[in-house]
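Down below is the structure, laid out as structure tokens.
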Amino acid sequence: MAETAHKETHGFQTEVKQLLQLMIHSLYSNKEIFLRELVSNAADASDKLRFKALSDDSLYENDGDLRVRLSVDKDAGTLTISDNGIGMTRDEVIEHLGTIAKSGTAEFFSKLSGDQARDSQLIGQFGVGFYSAFIVADKVTVRTRAAGESADRGVEWQSEGEGSFTVADIDKAGRGTDVILHLKEDEKEFLDDWRLRSIIGKYSDHISVAVQMYKEEVPERDGPDGEKIPAEPAHWETINKATALWTRDKSEVTDEEYKEFYKHISHDFGDPLLWSHNKVEGKTEYTSLLYVPAKAPFDMWNREQKHGLKLYVQRVFIMDDAEQFMPTYLRFVKGVLDSNDLPLNVSREILQDNRISQAMRQGCTKKVLQMLERMAKNEPEQYQSFWKEFGNVLKEGPAEDFSNKEKIAGLLRFASTQQDSDAETVSLDDYIERMKEGQNKIYFITADSYAAAKTSPHLEIFRKKGIEVLLMSERIDEWLMSHLTEYKEKAFQSITKGDLDLGDLDDEESKKAQEQAEKEVEGLTERVKKALGDKVKEVKLSHRLIDSPACVVADDQGMSTQMVKLMQAAGQPVPEVSYHFEVNPEHALIKTLANIQDEDRFAQLTDILFDQASLTEQGSMKDPASYVNKVNQLLVSLVK
Numbered sequence: 001m002a003e004t005a006h007k008e009t010h011g012f013q014t015e016v017k018q019l020l021q022l023m024i025h026s027l028y029s030n031k032e033i034f035l036r037e038l039v040s041n042a043a044d045a046s047d048k049l050r051f052k053a054l055s056d057d058s059l060y061e062n063d064g065d066l067r068v069r070l071s072v073d074k075d076a077g078t079l080t081i082s083d084n085g086i087g088m089t090r091d092e093v094i095e096h097l098g099t100i101a102k103s104g105t106a107e108f109f110s111k112l113s114g115d116q117a118r119d120s121q122l123i124g125q126f127g128v129g130f131y132s133a134f135i136v137a138d139k140v141t142v143r144t145r146a147a148g149e150s151a152d153r154g155v156e157w158q159s160e161g162e163g164s165f166t167v168a169d170i171d172k173a174g175r176g177t178d179v180i181l182h183l184k185e186d187e188k189e190f191l192d193d194w195r196l197r198s199i200i201g202k203y204s205d206h207i208s209v210a211v212q213m214y215k216e217e218v219p220e221r222d223g224p225d226g227e228k229i230p231a232e233p234a235h236w237e238t239i240n241k242a243t244a245l246w247t248r249d250k251s252e253v254t255d256e257e258y259k260e261f262y263k264h265i266s267h268d269f270g271d272p273l274l275w276s277h278n279k280v281e282g283k284t285e286y287t288s289l290l291y292v293p294a295k296a297p298f299d300m301w302n303r304e305q306k307h308g309l310k311l312y313v314q315r316v317f318i319m320d321d322a323e324q325f326m327p328t329y330l331r332f333v334k335g336v337l338d339s340n341d342l343p344l345n346v347s348r349e350i351l352q353d354n355r356i357s358q359a360m361r362q363g364c365t366k367k368v369l370q371m372l373e374r375m376a377k378n379e380p381e382q383y384q385s386f387w388k389e390f391g392n393v394l395k396e397g398p399a400e401d402f403s404n405k406e407k408i409a410g411l412l413r414f415a416s417t418q419q420d421s422d423a424e425t426v427s428l429d430d431y432i433e434r435m436k437e438g439q440n441k442i443y444f445i446t447a448d449s450y451a452a453a454k455t456s457p458h459l460e461i462f463r464k465k466g467i468e469v470l471l472m473s474e475r476i477d478e479w480l481m482s483h484l485t486e487y488k489e490k491a492f493q494s495i496t497k498g499d500l501d502l503g504d505l506d507d508e509e510s511k512k513a514q515e516q517a518e519k520e521v522e523g524l525t526e527r528v529k530k531a532l533g534d535k536v537k538e539v540k541l542s543h544r545l546i547d548s549p550a551c552v553v554a555d556d557q558g559m560s561t562q563m564v565k566l567m568q569a570a571g572q573p574v575p576e577v578s579y580h581f582e583v584n585p586e587h588a589l590i591k592t593l594a595n596i597q598d599e600d601r602f603a604q605l606t607d608i609l610f611d612q613a614s615l616t617e618q619g620s621m622k623d624p625a626s627y628v629n630k631v632n633q634l635l636v637s638l639v640k
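Residue 640, in UniProt numbering, is where the sequence shown stops; the numbers in between run on with no holes.
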């Protein structure tokens, strides 16, 4: 680091250098978004000052007219975006303009592929903010002073977007921030007054802070009917509506305005999937504007990721990421809440146990679930797109939100034995509608993968009888099903746990065949139990199998294989799980086993059968070398 009395040179954080290069190359086709991002940042700075001034109005410094101004110097080739908002201290400049503080940045960069179109979408989800300036500028100067500081506490930041930036102390009379873009030679279109006005009209019309441009003096002139039109003195002209979009009647707001406002609050480049704008009146009065994104953010599963809604009280910005108004399983929802009832000095702690905030949370949750229900019913293809992005997050709902458990369950989608691939899914209502006469349970299986679920031997009897089974292969599914025990009075039943009782679905012919097969292998279960000893809890004859000779089954009230794996992956201590071993008396291999008189050979074959069944169920075994050795011994005995 080179240093003088007032000026320092700093190196950019590695991630910043990477992001700058990616933006310049991947986002060039959409370069005008730099202005949206910088104006959005300036508006946020005004909102933050308005909030801090609630407790200290001296921060306004006798200038309470908050605005963002664009000014052009064609001779110098510069475009300046100025605000009189909260401003920054020297430390804040270094922190905010030299590093990326987002959680999950390493994961973000690991997903970049070099494909410009795909990377552009990822960068859009990541949010580029200030650094988008370098798309059109080969040098950026930032002059800023924090509200409440003296004029000699100003700071100047400057960089050419390469490896470093400088920070120097300056005098700055007014509070707030000036971002000065030294435009590249081929980007001088952004010095054109009309071009800038059209971009502001497109992206920033909805911002509640006035965005202004300087209008030159207009002399007195003749009108079309010969009347004199008075002269207009030079002045700063507001070029956006400067009215908070959510305060307008929704009949006056266009779809394009809703979409651009979403991009403003989310810093996403893509359009939202759907939105809902509502004014609630009654015991609690508030306005909500809620959005469901089209794509999941790159860091949705990061535990440090902030989520929540922008909170305003009586049009005054209070906080970003107010998570108290949206349950965690809906953390992908973006939006704005504006309350008439909460106090202006509200804090996160007060919100946690506040009756008003709890009512608003319930109302917002209900509204989002209704939006999703309508989409699922009226636009199933669009809902499938939503499910692909956010389905696993929604699965957290039944455990988190008991009062809405049935609604959430109706929104869940699963692969099933009725579909050809895991890309096709069914709802629980679809499943119930197709249930066999006499069927009173919803059958499901959890496994490590879709392929493992679809080929599980536990499915054999269900395939034979044409009974649909839900195939669950996501890590969260086992946890979900431990909290979702029934839907519309139909109990869920794992086909890999406990005794299988098909009740009225078993026909008399099948029962007679089973009884006959059991007679043919009489005494087999006792011999198998003796051979396996403590490896199994119990040995039974199975009628859930058709093509397979044997399987292992977890206790009905015990821990399933998938739950064991889930706990192990989380580093949790897991008790030893003892399985039931079920053998298929109708299978030729089991009939052959029952006829073996040599107990040593019987035990050897039983051991191999049990290991195979355990491998099929668990996907691995504790002692694979021992299993391979037993199989090899068997092969040697066969070829002698």
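Glycine is no exception: its CB is placed at the ideal position from the N, C-alpha and C atoms.
So what does M213 bridge to, in DSSP terms?
-> Mapped onto the sequence shown, residue 213 falls at position 213. Among the bridge pairs identified by DSSP, M213 is matched with L70, E237.
Between L545 and P457, which are expected to be in contact by the criterion C-beta below 8 angstroms, what is the C-beta distance as a whole number of angstroms?
-> The sequence position of residue 545 within the sequence shown is 545, counting from 1. The sequence position of residue 457 within the sequence shown is 457, counting from 1. About 6 angstroms separates the Cβ atoms of L545 and P457, confirming a contact at the 8 angstroms cut-off.
Length of the line joining the Cα atoms of S103 and D44 | Translated into positions along the sequence shown, residue 103 becomes position 103. Translated into positions along the sequence shown, residue 44 becomes position 44. In this predicted model, S103 has a pLDDT of only 47, less than 50, meaning its place in the structure is not dependable; the value taken from the coordinates is given anyway. Each residue's Cα considered, the two are about 21 angstroms apart.
Spatial distance of L337 from E396 (CA atoms) | Against the sequence shown, residue 337 aligns to sequence position 337. Against the sequence shown, residue 396 aligns to sequence position 396. L337 and E396 have their C-alpha atoms roughly 24 angstroms apart.
Evaluate A234 with the Cβ neighbour count: other Cβ atoms within 10 Å of its Cβ, from every protein chain shown; 16 or more gives buried, anything less gives exposed.
-> Here residue 234 refers to the residue found at position 234 when the sequence shown is read from its first residue. Counting every other CB atom within 10 Å of its CB across the protein chains shown gives A234 a total below 16, marking it as exposed.
Check whether T243 and Q212 have beta carbons under 8 angstroms apart = Residue mapping note: residue 243 aligns to position 243 of the sequence shown, counting from 1. Residue mapping note: residue 212 aligns to position 212 of the sequence shown, counting from 1. It is not a contact, given that the beta carbons lie outside the stated cut-off.
Cβ-based neighbour list, E468, same chain, cut-off 7 angstroms, excluding 5 preceding and 5 following | Numbered from 1 along the sequence shown, position 468 holds the residue referred to as residue 468. Cβ neighbours of E468 beyond the five flanking positions: S416, T417, Q418, Y431, R434.
Taking 8 angstroms as the cut-off, decide whether the C-beta atoms of P293 and D320 are in contact.
-> Against the sequence shown, residue 293 aligns to sequence position 293. Against the sequence shown, residue 320 aligns to sequence position 320. For P293 and D320, no; Cβs fall outside 8 angstroms.
Between the C-alpha atoms of E349 and S357, what's the straight-line distance to the nearest angstrom?
-> Here residue 349 corresponds to residue number 349 of the sequence shown, with the count starting at 1. Here residue 357 corresponds to residue number 357 of the sequence shown, with the count starting at 1. Between E349 and S357, the C-alpha separation is close to 11 angstroms.
Tell me which same chain residues have a C-beta within less than 7 angstroms of the C-beta of D611, skipping the five on either side of it?
-> Locating residue 611 in the sequence shown gives position 611, where the first residue counts as 1. Same-chain partners within the cutoff: M621, Y627.
Measuring CA to CA, which of A452, D271, Y286 is closest to N278?
-> Taking the first residue of the sequence shown as 1, we reach residue 278 at position 278. That would be Y286, whose Cα lies nearest to the Cα of N278.
Which term fits R601, buried or exposed, when burial requires 16 or more other beta carbons within 10 angstroms of its beta carbon?
-> As a position in the sequence shown, residue 601 is number 601, starting the count at 1. Under this definition R601 is an exposed residue.
Under the three-state DSSP convention, the category M472 falls into = Here residue 472 is taken as the residue at index 472 of the sequence shown, counted from 1. Under the three-state reduction of DSSP, M472 is assigned to strand.
Express the C-alpha separation of K405 and V140 in angstroms, rounding to a whole number.
-> For the purposes of this step, residue 140 is identified with residue 140 of the sequence shown, where counting begins at 1. For the purposes of this step, residue 405 is identified with residue 405 of the sequence shown, where counting begins at 1. Going by the C-alpha atoms only, they are around 52 angstroms apart.
Residues that W479 bridges to, as DSSP identifies them | As a first step, residue 479 is located in the sequence shown; it is residue number 479 there, counting from the start. According to the DSSP secondary-structure assignment, W479 is paired through a beta bridge with no residue.
Are at least three pairs of beta-carbons, each pair with one atom in the stretch 141–160 and one in the stretch 81–100, less than 8 angstroms apart?
-> Touching, yes, given that three or more Cβ pairs across the two stretches are closer than 8 angstroms.
Top-ranked residue by Cα proximity to D341, from S473, K334, D75, V316 = Locating residue 341 in the sequence shown gives position 341, counting from the first residue. The option with the nearest alpha carbon to D341 is V316.
What is the rounded straight-line gap between the Cα of D299 and the Cα of Q305?
-> On the sequence shown, residue 299 is found 299 positions in, with the first residue counted as 1. On the sequence shown, residue 305 is found 305 positions in, with the first residue counted as 1. One C-alpha to the other measures close to 7 angstroms.
In chain order, what residues of the same chain have a beta carbon less than 8 angstroms from the beta carbon of D607, not counting five sequence neighbours either side?
-> Here residue 607 corresponds to residue number 607 of the sequence shown, with the count starting at 1. So the qualifying residues of the chain are A531, L532, K630.
Buried or exposed: R50, going by 16 or more other Cβ atoms within 10 Å of its Cβ?
-> For the purposes of this step, residue 50 is taken as the residue at position 50 of the sequence shown. In summary, R50 is buried, with 16 or more beta-carbon neighbours lying within 10 Å of its beta-carbon over all protein chains present.
Work out the CA separation of E32 and D422 for me, nearest whole Å.
-> Taking the first residue of the sequence shown as 1, we reach residue 422 at position 422. Taking the first residue of the sequence shown as 1, we reach residue 32 at position 32. Rounded to whole angstroms, D422 and E32 show a C-alpha spacing of 40 angstroms.
Span of the alpha helix (DSSP H) around E406 = The residue labelled residue 406 in the question sits at position 406 within the sequence shown. Counting along the chain, the alpha helix (DSSP H) containing E406 begins and ends at 405–411.
Where the alpha helix (DSSP H) containing H96 begins and where it ends | Taking the sequence shown and counting its residues from 1, one reaches residue 96 at position 96. For H96, the enclosing alpha helix (DSSP H) covers residues 90–98.
Can you check whether the CB of S385 is closer than 8 angstroms to the CB of V209?
-> For the purposes of this step, residue 209 is identified with residue 209 of the sequence shown, where counting begins at 1. For the purposes of this step, residue 385 is identified with residue 385 of the sequence shown, where counting begins at 1. Using a Cβ distance threshold of 8 angstroms, V209 and S385 do not count as a contacting pair.
What is the rounded straight-line gap between the Cα of A625 and the Cα of Q633?
-> Residue numbering aside, residue 625 sits at position 625 when the sequence shown is read from its first letter. Residue numbering aside, residue 633 sits at position 633 when the sequence shown is read from its first letter. Here the alpha carbon of A625 sits roughly 12 angstroms from the alpha carbon of Q633.
Neighbourhood of G391 by C-beta, 7 angstroms cutoff - its chain only, sequence neighbours within 5 removed | Within the sequence shown, the letter at position 391 stands for residue 391. Excluding residues within five positions, the ones whose Cβ falls inside 7 angstroms are R413.
Starting from the C-beta of G176, find all residues in its chain whose C-beta is less than 6 angstroms away, skip the five residues before and the five after it, and write them out in chain order.
-> Indexing the sequence shown from 1 puts residue 176 at position 176. Only D83, N84, G85, G87 meet the Cβ criterion.
DSSP-derived helix/strand/coil call for N278 | Position 278 of the sequence shown, counted from the first residue, corresponds to residue 278. Reduced to three states, the DSSP call for N278 is strand.
Taking three-plus beta-carbon pairs below 8 angstroms as touching, is the stretch 325–335 in contact with the stretch 355–369?
-> Judged by Cβ distances under 8 angstroms, the stretch 325–335 makes contact with the stretch 355–369, as three or more pairs qualify.
Span separating the alpha-carbon of I170 from that of H182 | For the purposes of this step, residue 170 is taken as the residue at position 170 of the sequence shown. For the purposes of this step, residue 182 is taken as the residue at position 182 of the sequence shown. Cα to Cα, the separation comes out at about 19 angstroms.
DSSP state of W157, grouped into three classes?
-> As a working note, residue 157 is residue 157 in the sequence shown. In the structure shown, W157 falls within a strand segment according to DSSP collapsed to helix, strand and coil.
By Cβ distance below 6 angstroms, which residues in the same chain neighbour T247 in space, the five residues on each side in sequence not counted?
-> Numbered from its first residue, the sequence shown carries residue 247 at position 247. So the list is empty, once near-sequence residues are dropped.
Would you kindly check if the distance between the Cβ of D477 and the Cβ of T446 is under 8 angstroms?
-> Indexing the sequence shown from 1 puts residue 446 at position 446. Indexing the sequence shown from 1 puts residue 477 at position 477. In this structure, T446 places its C-beta atom within 8 angstroms of the C-beta atom of D477.
Report yes if the C-beta of L428 is less than 7 angstroms from at least one heavy atom of the ligand PLP; otherwise report no.
-> The ligand PLP is not among the ligands present in this structure, which contains no ligands whatsoever.
Identify whether A550 lies in helix, strand or coil by the three-state DSSP scheme.
-> The residue labelled residue 550 in the question sits at position 550 within the sequence shown. When secondary structure is reduced to three states using DSSP, A550 falls in the strand class.
On the three-state DSSP scale, how would you describe L545?
-> On the sequence shown, position 545 is the one that residue 545 refers to. Reduced to three states, the DSSP call for L545 is coil.
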